[in-house]
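Report on one structure; see the data block that follows.
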Amino acid sequence: MPRIDRISALHDDLLVNILSQVPTKDAVTTMVLSKRWALVWTMVPKLEYEDTSKEGGKNLWRLVDKSLQLHKAPVLESMHIQAERQFTDDADVGKCVSYAVDHNVREISLIIPSLILPSQPKILLLPSNFYTSKTLVNLTLSCSALVVDVPSLACFPLLQTLALLDVVFNDESSHARLLANCPALSYLHVNRYYSDNVTRFIVEVPSLKSFTYTDNHERYSATPLVLDSPRLQHLSIFDYGDLGSIQNMPHLETAYVGHLVLQPNDKFLRSFSSVGSLHLRLMEVACFSAINFPRLMKFKLHLFKPSFSELRPGYSEYCSLEPLMLFLHNSPILKVLTISYGVGLYYEDLPLSWNQQSSVPGCLLAHLEIFVWDKFGGRRRQERECVEYILANSKCLKTATVLPGCYYSLEEKEKMVGDIKSMYRVSASSQLITHSDSTNP
Numbered sequence: 001m002p003r004i005d006r007i008s009a010l011h012d013d014l015l016v017n018i019l020s021q022v023p024t025k026d027a028v029t030t031m032v033l034s035k036r037w038a039l040v041w042t043m044v045p046k047l048e049y050e051d052t053s054k055e056g057g058k059n060l061w062r063l064v065d066k067s068l069q070l071h072k073a074p075v076l077e078s079m080h081i082q083a084e085r086q087f088t089d090d091a092d093v094g095k096c097v098s099y100a101v102d103h104n105v106r107e108i109s110l111i112i113p114s115l116i117l118p119s120q121p122k123i124l125l126l127p128s129n130f131y132t133s134k135t136l137v138n139l140t141l142s143c144s145a146l147v148v149d150v151p152s153l154a155c156f157p158l159l160q161t162l163a164l165l166d167v168v169f170n171d172e173s174s175h176a177r178l179l180a181n182c183p184a185l186s187y188l189h190v191n192r193y194y195s196d197n198v199t200r201f202i203v204e205v206p207s208l209k210s211f212t213y214t215d216n217h218e219r220y221s222a223t224p225l226v227l228d229s230p231r232l233q234h235l236s237i238f239d240y241g242d243l244g245s246i247q248n249m250p251h252l253e254t255a256y257v258g259h260l261v262l263q264p265n266d267k268f269l270r271s272f273s274s275v276g277s278l279h280l281r282l283m284e285v286a287c288f289s290a291i292n293f294p295r296l297m298k299f300k301l302h303l304f305k306p307s308f309s310e311l312r313p314g315y316s317e318y319c320s321l322e323p324l325m326l327f328l329h330n331s332p333i334l335k336v337l338t339i340s341y342g343v344g345l346y347y348e349d350l351p352l353s354w355n356q357q358s359s360v361p362g363c364l365l366a367h368l369e370i371f372v373w374d375k376f377g378g379r380r381r382q383e384r385e386c387v388e389y390i391l392a393n394s395k396c397l398k399t400a401t402v403l404p405g406c407y408y409s410l411e412e413k414e415k416m417v418g419d420i421k422s423m424y425r426v427s428a429s430s431q432l433i434t435h436s437d438s439t440n441p
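The sequence shown runs 1 to 441 under UniProt numbering.
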C-alpha cells in the first residue's frame, strides 16, 4: 500500500510556519523533497544561521549569501546570525543587515565572538539604512570588529530591546546618539569592550526600565558611567570605575551592584535609596552605612577581601561590622538579610570592629524573617557576637542559615556548628540551618 504524504497536502501558510521553527539550513534542505517543497522555504519570515561546521565560517556565510538570493518573503520577522569559528572574508554582514532592514525586520541578532576573529580583523560597518529602521524592535550586536558609527539623523522609533556586547564605537558620542534616538527603549544590555573608544559612558534614556552594564576595563583604567533614567525599575552593574554620576531612580525595584574598589564613594548608592531588593558585591561596607533605605525588603551583601598587593595599614576598617548595624537601623522594613563575609583565613588575625548596639534596629524587632550568614568565621569573636546579636533580637525570624567557611577543616566546622546551635534565638519557632544539618529546628 503506497504511503500517503499528508504533510505535503497542508496549506502553504502552515508549511511556512513549520519551517520557521527550524534553522534556515534545515529549512533550505526541504527544497529537494519534491516540486511541492521547492519554494516553500523561500517564504519563511524567520532566518536563523548558526555555524556548526568544522570548516570555520566559510560554509555559514556561503549559506547566508545563497539563501538571501532566493528568499522571497515580503516581510522578515527576524534574522539571527551566530558564527562560532573562523571569521572569513566571505562574510558580508552589511549586505545581510541591509536586506533585513529593507524587508521590515523586527529583530536582528548578530553574534560573532571576539576570540574567533583573526589577528588583524576586518572592520565591519553597518549599512546606512540600518540606522533609520522604522520596524526594528529587538537588536543584539556582539562583535568586537563591528564599528557602530551613528549618524546625526539616526532613528529607531520602535526599538525596545538593545544589547551592545563588545562592540566598538566610532567616536566618543556615537553610543549617546544611538540611545538618544531610541524613544521606546525599555531594556538595555551593555558589555563594554576594553578598547571601545568611549571614556565616559552616558545613558540618559527616559523610557528605560531595565539596564545591565558590565565594564571589562581593568581596575585602574575603568571609565565613568553616567546614568539618568527616571523610569528605571531593574539595574545590574559590574564596574571598577566611577559610579558617582548615577542618579534619578525613584522607581527602582531591584538592583545588583558589583563595585570592587577600595574606599568606594557612597554618592552613587544614595540614588538607590528607593530600591526594594538590593545585592551588593563590595570590598568594604562603610559606603552605605549612612544611607536610608525606607522601602528595602531584601538585601544581600557579598564582601570581598582585597588582594595582598592592595592590602595596606588600617585594613581592619574594611572588616568592620559596625556599618552593617547602622545599615540595619536605616532599613526599617527589611525582611531578608544575606551576608557572605569572605574575608578569608589570611585576614583572620586582623581585628574586627564590633560594639554592642545601644538600641535594636527596628527591622530586627518587627520585620526580619530570613537571615543567612555564609562563610561564617567562627574563630573571630566579633563575628560570632554579631551573629548572636541578630539571632537574639530578630523576633519575627522564620529561618536562620549560618554556614561555616569552606576553608575550615571538618573538625573546625563541627565545632562551629555546635557553637551556632547553642546561640540563643528569641524566635523560638524559627528554623536553624547549618552546614552539616539542613533540617534541624
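Where is the CB? At the ideal position from N, CA and C, for every residue including glycine. Values in this document were obtained by computation on a predicted structure and should not be read as measured data.
Burial of SER229 is indicated by the presence of at least 16 other C-beta atoms within 10 angstroms of its C-beta. Given a length threshold of 4 residues, each whole run of the alpha helix (DSSP H) inside the segment 154 to 193 is given here in chain order: 174 to 180. For SER98, the enclosing alpha helix (DSSP H) covers residues 93 to 102. Between the segment 74 to 86 and the segment 101 to 112, the count of C-beta pairs closer than 8 Å reaches three or more; the two stretches touch.
Rounded to the nearest angstrom, the gap between the Cα atoms of LEU208 and LEU158 is 13 Å. Short of 7 Å from the beta carbon of CYS155, and not among the five residues preceding or following it, lie these beta carbons of its own chain, in chain order: THR132, ASN181. In the three-state scheme derived from DSSP, where H, G and I count as helix and E and B as strand, HIS279 is classed as strand. TYR341 and VAL205 have their C-alpha atoms some 36 Å from each other.
The beta-carbon distance between GLU369 and LEU397, rounded to whole angstroms, is 6 Å. This is short enough to meet the 8 Å contact definition. Under DSSP, HIS234 forms a beta bridge with SER210, THR254. For LEU19, the uninterrupted alpha helix (DSSP H) segment begins and ends at 12 to 19. Between VAL167 and the set LEU179, ARG192, PRO183, LEU188, the nearest pair of CA atoms involves ARG192. Three or more Cβ pairs closer than 8 Å define a contact, and the segment 272 to 283 meets that threshold against the segment 251 to 259. When the five nearest sequence neighbours on each side are left out, no beta carbon in the same chain lies closer than 6 Å to the beta carbon of SER173. Beta-bridge partners assigned by DSSP to TYR341: LEU303. Counting only the Cα atoms, LEU232 lies some 21 Å from GLY241.
DSSP places TYR424 outside any beta strand (DSSP E), giving it a letter other than H or E.
Residue pairing by DSSP places SER142 opposite ILE111, LEU165 in a beta bridge. Under the DSSP assignment, LYS25 falls in the alpha helix (DSSP H) whose first and last residues are 24 to 29.
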